[in-house]
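Counting from 123, one number per residue, gives the positions in the sequence shown under my numbering. These notes concern the structure reproduced below.
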Amino acid sequence: MPADIGTTADVVVIGAGACGLVAALRAKAAGAEVIVLERDASPSGSTAMSSGFVPAPATRFQLARGIDDDTPQRLAADIMAKSQGKSESHLVKLASETIGPALEWLADRFGIDWIVLDDFLYPGHSRHRMHAVPEKTGEALLARFLAASQAAEIPVVTDACVIRLFEGKGRRIDAVEVERPDGAREVIGCGALVLACNGYGGNPDLVRRYIPEIAGGPYFGHAGNQGDAVLWGEALGARLEHLSGYQGHGSLAHPQGILISWALMMEGGIQVNTEGRRFSNENGGYSEQAVEILAQPGGVAWNLYDRRIHDFALSFPDYRQAVQAGAIRETADVAGLAKVTGLPERALAETLSEAAELQAGRAVDRFGRDFTVKPALAPPFHAVKVTGALFHTQGGLMIDEGARVVDQAGLAFPNLFAGGGAACGVSGPSVSGYLSGNGLLTAIAFGFIAGASAGVTASER
Ligand SMILES: Cc1cc2nc3c(=O)[nH]c(=O)nc-3n(C[C@H](O)[C@H](O)[C@H](O)COP(=O)(O)OP(=O)(O)OC[C@H]3O[C@@H](n4cnc5c(N)ncnc54)[C@H](O)[C@@H]3O)c2cc1C
123 MPADIGTTAD
133 VVVIGAGACG
143 LVAALRAKAA
153 GAEVIVLERD
163 ASPSGSTAMS
173 SGFVPAPATR
183 FQLARGIDDD
193 TPQRLAADIM
203 AKSQGKSESH
213 LVKLASETIG
223 PALEWLADRF
233 GIDWIVLDDF
243 LYPGHSRHRM
253 HAVPEKTGEA
263 LLARFLAASQ
273 AAEIPVVTDA
283 CVIRLFEGKG
293 RRIDAVEVER
303 PDGAREVIGC
313 GALVLACNGY
323 GGNPDLVRRY
333 IPEIAGGPYF
343 GHAGNQGDAV
353 LWGEALGARL
363 EHLSGYQGHG
373 SLAHPQGILI
383 SWALMMEGGI
393 QVNTEGRRFS
403 NENGGYSEQA
413 VEILAQPGGV
423 AWNLYDRRIH
433 DFALSFPDYR
443 QAVQAGAIRE
453 TADVAGLAKV
463 TGLPERALAE
473 TLSEAAELQA
483 GRAVDRFGRD
493 FTVKPALAPP
503 FHAVKVTGAL
513 FHTQGGLMID
523 EGARVVDQAG
533 LAFPNLFAGG
543 GAACGVSGPS
553 VSGYLSGNGL
563 LTAIAFGFIA
573 GASAGVTASE
583 R
């Protein structure tokens, strides 16, 4: 136990993103005194950068929209199918069973108003189950969690970067050391510690070590996520899993760096390379598409779609931002499309007529996409240049059913918990295992469990 402990809290949470704030709310509800430590001057994390879409089955919000046949088992099956059975099954079960009750608890306790996005399906989801706050942004989602924390009188201490954990007797974590921007340091004691400081997307060395295939692409997550949980876990002898797993995204407007919703592809859009040719099944998944695009000439592609899809996409705030930034081109015909994109006209014409044949069911796609489920693309056309990016990492600390961090032998550390990007996720060991929403799913569900367990653990000291 360090001698110079200043403040002490029952539960200390590192990181003020979705995971940390939900954990804090739950720990507080369990009767614990909680402090959240956040390295930034103002909390944002990857949570505020996200689209804020959270998959959850069997919620009352779904029922209100007439979706009455979704279950945790169905979500678990979809998650497992996407990772080809390579996700950790106890984590999949835990997340699938917890997320619905967690969203309802947040609504009941803090008035967080969830809507269900039921106008399109993300790849791999068999039911409409994406929940969001009405603004449909991660920024608005984080603002709700921060307001709830304020209402619950939970101190969120900013400019507080945790640089060290103190391990005491019986492998308990007794305290953490915090560094302030001016270099001042202080030690804060804890009854239980929740690691909610996400993964290592912002640490190029760790990205090169664990996922070299994406190291050449841009990182579009929160820069402050430096892999501290993984590094501390390594030092403590914790079990780390699926460090090669991550969420990529194959639709980041280039060079503007604005997320272009994958709904464009699910609604009938296509992606072509600078030769004007398709190169993949665009309905396979946006995560793996990051790698496909980075392998194309120049590491870029063009999303091609039409007015119908453009009008639909205008319901997404980031798409409207892309329009304002001048990233979206519109043109009357194929000749114009070639002009505004700089792509070869003949190849473009061939690609679009091939897509029309596939849509009419007169040919079979060599990449395996079923075009018949959406209307054919029709002029006027729209186009946006995109690249592939790393959004966040999916590997991390293995946890048990109580979100306790476990060691190599599977034994739990008594008062150390993890969730969100700090913990091993449910996407398996590769980019293609990421089912959309797996990120906030494990941030909120594991944060919910970690907070409850940490609150109880701290009270038993
Ligand atoms: C562009 C984009 C879009 C996305 N869209 C979606 C989506 O729609 N649905 C979905 O499910 N997922 C989405 N994701 C993924 C999702 O954002 C993450 O999985 C989720 O936000 C992780 O939450 P978290 O709480 O674990 O981490 P974060 O929200 O990143 O919070 C971690 C916090 O810890 C702080 N921190 C780090 N180290 C320290 C330290 N040493 N001391 C103190 N504080 C520290 C960070 O500053 C940060 O505030 C998206 C990601 C991106 C980048």
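Glycine included, each C-beta is placed from N, C-alpha and C at the ideal position. If you're wondering where the values come from, they're calculated on a predicted model, not measured in any experiment.
- Pairing residue 444 with residue 425, the inter-Cα distance amounts to about 13 Å.
- Secondary structure of residue 284 (DSSP, three-state): strand.
- Residue 391 sits away from residue 469, with the two beta carbons spaced by 8 Å or more.
- Two segments are said to touch when three or more pairs of C-beta atoms, one from each, lie closer than 8 Å; by this definition the region 183-197 touches the region 247-262.
- Across the set 545, 539, 416 and 497, the C-alpha of 545 shows the shortest separation from the C-alpha of residue 519.
- The continuous stretches of alpha helix (DSSP H) do not include residue 341, and DSSP gives it neither H nor E.
- Around the beta carbon of residue 212, fewer than 16 other beta carbons lie within 10 angstroms, which makes this residue exposed.
- For residue 358 against residue 511, the beta-carbon gap comes to about 31 Å, at or over 8 Å, which does not count as contact.
- Short note on residue 160: C-beta closer than 7 Å to some heavy atom of ligand 1.
- Judged by the Cβ position, residue 168 qualifies as a neighbour of ligand 1 at the 7 Å threshold, a heavy atom of the ligand being closer than this.
- Collapsing the DSSP output to three states places residue 141 in a helix.
- Distance from the Cα of residue 196 is smallest, within the candidate group 206, 209, 205 and 178, for 178.
- Our two residues, residue 258 and residue 133, have alpha carbons roughly 31 Å apart in a direct line.
- By the Cβ test, the region 328-338 is not in contact with the region 146-166, since fewer than three Cβ pairs between them sit closer than 8 Å.
- The C-beta distance from residue 431 to residue 474 rounds to 14 Å, too long to fall under 8 Å, and the pair is not in contact.
- Residue 579 carries a helical assignment under DSSP once its states are collapsed to helix, strand and coil.
- Assigned with DSSP and collapsed to three states, residue 486 falls in coil, not helix or strand.
- Residue 403 has its CB no nearer than 7 Å to any heavy atom of ligand 1.
- Contact between the region 523-540 and the region 434-450 is not established, with fewer than three Cβ pairs separated by less than 8 Å.
- DSSP places residue 131 in the uninterrupted beta strand (DSSP E) bounded by 127-136.
- As the crow flies, the alpha-carbon of residue 414 is around 26 Å from that of residue 483.
- For residue 573 and residue 277, the gap between their C-alpha atoms comes out near 15 Å.
- Around the beta carbon of residue 285, fewer than 16 other beta carbons sit within 10 angstroms, so the residue counts as exposed.
- Checking the DSSP bridge columns, you'll see residue 428 partnered with 503.
- Burial state of residue 564 is buried, judged by a 10 Å Cβ sphere holding 16 or more other Cβ atoms.
- By the criterion of a C-beta distance shorter than 6 Å, residue 158 is surrounded in its chain by 135, 138, 142, 146 and 278, once the five residues flanking it on both sides are discounted.
- Around the CB of residue 272, fewer than 16 other CB atoms lie within 10 Å, so the residue is classed as exposed.
- Inclusion of residue 352 and residue 322 in the CB contact set at 8 Å is warranted, their separation being smaller than that value.
- Contact check for residue 309 and residue 126: beta-carbon distance about 5 Å, within the 8 Å limit, so the pair qualifies.
- Beta-bridge analysis with DSSP links residue 162 to no other residue.
- Taking all protein chains in view, the Cβ of residue 256 is surrounded by fewer than 16 other Cβ atoms within 10 Å, so the residue is classified as exposed.
- DSSP places residue 252 in the uninterrupted beta strand (DSSP E) bounded by 252-254.
- When secondary structure is reduced to three states using DSSP, residue 463 falls in the helix class.
- Residue burial annotation: residue 303 is exposed, with fewer than 16 other C-beta atoms found within 10 angstroms of its C-beta.
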